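Undergrad:
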Amino acid sequence: AVSHRHTETPPSARLLKQKMSADTGVEIELTSDFIANNFVEQYYAAIHKDPELVRKFYGADSVMTHLETSSKEEPILGADRIHEKIVSLGLQGGLACIQHLVAQSSAEGIVIMVMGTFARANESVCHPFRQTFILGKMSPDDSYAFYLRNNIFAFDDAVHGEAPQHTQPPHQHPPPQPQPPAPPQQQQQHHHQQQQQQQQQLSPVAVPQEHPPDPEPLQPLLPPLAPPPPPPPEPAAELEQTDAEPEPPAPPAPLAPSEMEAAEKKIRKLTSEVRQIERALSLQAKTEQKAREASFTWSLNPNREKIETRLHLQSLAITRMGDLREEKEELEGRLIAGLRRRVDAAEAEAEAAKAELQ
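All the letters of the sequence shown, read from the start, carry residue numbers 1 to 358 under full-length UniProt numbering.
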């Protein structure tokens, strides 16, 4: 768990805290942990989505060291060269899983250490890594405006190094040494022994003939077959599908004359409420679009819980708007049906009066 330090807020950040609290409705403490968590979340999101977005984190005096092997890598200086290096690494689409995050404030900024695993888009193996960030102050007078001044990234394999596997050459046996020739008497004895061994190998050996045992009766390998089951009954002939069209839905029940005036008032009220929800959703969409198009200020972003709450309220408003529209359409249908009934009744009365006059 990351411990939050409650320190006195400088005057330069007082208005910033008030603005963020007013926007989110939650009292926010701009500690080094809060800023570090927001920065790390957006940095790795930019790496995953598009490394081109990472350039805006760096400044002219930023320095980066990236270690993927145990060989020494020279530091890279400047935002442009760092941006070219990050794009050349092919990190887009990679996923970073953060396991530990530690942040400390210093006189010149914030020091952040991250430990986790990273997997490229075309790999199924997660490599453990360590990364250290130093956020420097953009201005001595502003304690809450930072840029990424130092960045050191290293895979654990590159940090510890892998011991090379030494293989030993196969054991070579010394060549057989030639033996001195034996005396003639020993050669004759050796030759006589070899002849006796060859005769013993060639002499036939009498094997007693035994009557083979009577073969045992063969056991059936499979149990007796059961009688075949009766054939299944033939399925009943399926009913031929007709191309009859489905019956149209029943028309809405017409309103009584006494209910028409109340229905008209309710329809006007529902229409007004739907328009209010539409205007609120449109205004919120325009506000979010302006925020995305504005300059990248990750320290001003609201916290995640408030964003989730706002999205939940937005979904509830959309659901409510759909319910209101359905209720409005139903009332309009019933109102039109009632008016049509009144028109039909008036026409019938006129026809009856015309027939009486004739």
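Note that beta-carbon positions come from the ideal geometry of N, C-alpha and C, so glycine has one too.
Since we're looking at a predicted model, the values are computed, not measured.
So the beta strand (DSSP E) Phe34 belongs to, where does it begin and stop?
TA: As a working mapping, residue 34 is identified with position 34 in the sequence shown. Careful: Phe34 lies outside any beta strand (DSSP E), inside the alpha helix (DSSP H) at Ser32 to Lys49.
Undergrad: Determine the extent of the beta strand (DSSP E) in which Val102 is found, giving its start and end residues.
TA: As a first step, residue 102 must be located in the sequence shown, where it is residue number 102. Leu95 to Ser106 is the extent of the beta strand (DSSP E) around Val102.
Undergrad: Helix, strand or coil: which one does DSSP assign to Thr65?
TA: Indexing the sequence shown from 1 puts residue 65 at position 65. Here Thr65 sits in strand by DSSP.
Undergrad: State the CB to CB distance for the pair Ala121 and Gly93, rounded to an integer number of angstroms; the pair is presumed to be in contact (CB under 8 Å).
TA: On the sequence shown, position 121 is the one that residue 121 refers to. On the sequence shown, position 93 is the one that residue 93 refers to. The pair is a contact, with the Cβ atoms about 3 Å apart (cut-off 8 Å).
Undergrad: Alpha carbons only, please: which of Glu278, Glu74, Ala348 and Leu95 is nearest the one belonging to Ser124?
TA: Within the sequence shown, residue 124 is the residue found at index 124, counting from 1. Taking only the C-alpha atoms, the option nearest Ser124 is Leu95.
Undergrad: DSSP on Ala253, reduced to helix/strand/coil?
TA: The residue labelled residue 253 in the question sits at position 253 within the sequence shown. Coil, per DSSP.
Undergrad: Would you kindly check if the distance between the Cβ of Leu148 and the Cβ of Phe34 is under 8 Å?
TA: Locating residue 34 in the sequence shown gives position 34, counting from the first residue. Locating residue 148 in the sequence shown gives position 148, counting from the first residue. Taking 8 Å as the Cβ cut-off, Phe34 and Leu148 do not qualify as a contacting pair.
Undergrad: If you check the beta carbons only, do Phe129 and Ile112 fall under 8 Å apart?
TA: As a working mapping, residue 129 is identified with position 129 in the sequence shown. As a working mapping, residue 112 is identified with position 112 in the sequence shown. No; because the gap between Cβ atoms is not below 8 Å, this pair is not in contact.
Undergrad: May I have the straight-line CA-CA distance separating Glu332 from Arg320, to the nearest angstrom?
TA: For the purposes of this step, residue 332 is taken as the residue at position 332 of the sequence shown. For the purposes of this step, residue 320 is taken as the residue at position 320 of the sequence shown. Looking at the two C-alpha atoms, the distance is approximately 18 Å.
Undergrad: Rounded C-beta distance between Phe153 and His66? I'm assuming under 8 Å.
TA: Mapped onto the sequence shown, residue 153 falls at position 153. Mapped onto the sequence shown, residue 66 falls at position 66. Right, their Cβ atoms sit about 5 Å apart.
Undergrad: Is DSSP giving Arg120 helix, strand or coil here?
TA: Counted from its first residue, the sequence shown places residue 120 at position 120. Reduced to three states, the DSSP call for Arg120 is coil.
Undergrad: Along the chain, where does the beta strand (DSSP E) containing Ser139 start, and where does it finish?
TA: What you label residue 139 is simply residue 139 of the sequence shown in a count that begins at 1. Ser139 -> beta strand (DSSP E) spans His127 to Ser139.
Undergrad: Per DSSP, what are the beta-bridge partners of Met113 in this structure?
TA: Looking up residue 113 in the sequence shown gives position 113. For Met113, which the question treats as bridged, DSSP gives the partners Val102 and Thr132.
Undergrad: Note down, in chain order, each residue of its chain lying with its Cβ closer than 6 Å to the Cβ of Thr117, except the 5 sequence neighbours on either side.
TA: One-based indexing of the sequence shown puts residue 117 at position 117. Here the set comprises Cys97, Cys126 and Pro128.
Undergrad: Please tell me whether Val102 and Val40 are closer than 8 Å, where the distance is taken between their beta carbons.
TA: Start at 1 with the first residue of the sequence shown, and residue 102 comes out as number 102. Start at 1 with the first residue of the sequence shown, and residue 40 comes out as number 40. Not in contact: Val102 and Val40 (Cβ atoms no closer than 8 Å).
Undergrad: In chain order, what residues of the same chain lie with their CB nearer than 8 Å to the CB of Val274, ignoring the 5 residues before and after it?
TA: Working through the sequence shown from its first residue, we reach residue 274 at position 274. Around Val274: Met321, Leu324, Arg325 and Lys328.
Undergrad: In three-state DSSP terms, what is Ala78?
TA: Along the sequence shown, read from residue 1 onward, the residue named residue 78 stands at position 78. Going by the sequence as given, residue 78 is Gly instead of Ala. Here Gly78 sits in coil by DSSP.
Undergrad: So, Ala280 versus Leu335, is the Cβ gap smaller than 8 Å?
TA: Walking along the sequence shown from the start, residue 280 turns up at place 280. Walking along the sequence shown from the start, residue 335 turns up at place 335. In this structure, Leu335 does not lie closer than 8 Å to Ala280 by Cβ.
Undergrad: Here's the rule: buried if 16 or more other CB atoms are within 10 angstroms of the residue's CB, otherwise exposed. What is Ser62?
TA: Counting from 1 along the sequence shown, the entry for residue 62 is found at position 62. With 16 or more other Cβ atoms within 10 Å, it is buried.
Undergrad: According to DSSP, is Gly59 helix, strand or coil?
TA: Here the question's residue 59 lines up with position 59 in the sequence shown. Three-state DSSP puts Gly59 in a strand.
Undergrad: Using the C-alpha atoms, what's the distance from Glu351 back to Ala253?
TA: Here residue 253 refers to the residue found at position 253 when the sequence shown is read from its first residue. Here residue 351 refers to the residue found at position 351 when the sequence shown is read from its first residue. So the alpha carbons of these two residues sit roughly 26 Å apart.
Undergrad: Just the Cα atoms here: how many angstroms apart are Glu278 and Ala346?
TA: The sequence position of residue 278 within the sequence shown is 278, counting from 1. The sequence position of residue 346 within the sequence shown is 346, counting from 1. Approximately 40 Å between the Cα atoms of the pair.
Undergrad: Output yes or no for whether 8 Å exceeds the beta carbon distance between Gln284 and Gln314.
TA: Indexing the sequence shown from 1 puts residue 284 at position 284. Indexing the sequence shown from 1 puts residue 314 at position 314. It is a contact, given that the beta carbons lie within the stated cut-off.
Undergrad: Whose C-beta lies closer than 6 Å to the C-beta of Gln104 among residues of the same chain, with five residues either side of it excluded?
TA: Along the sequence shown, read from residue 1 onward, the residue named residue 104 stands at position 104. The residues are Val111.
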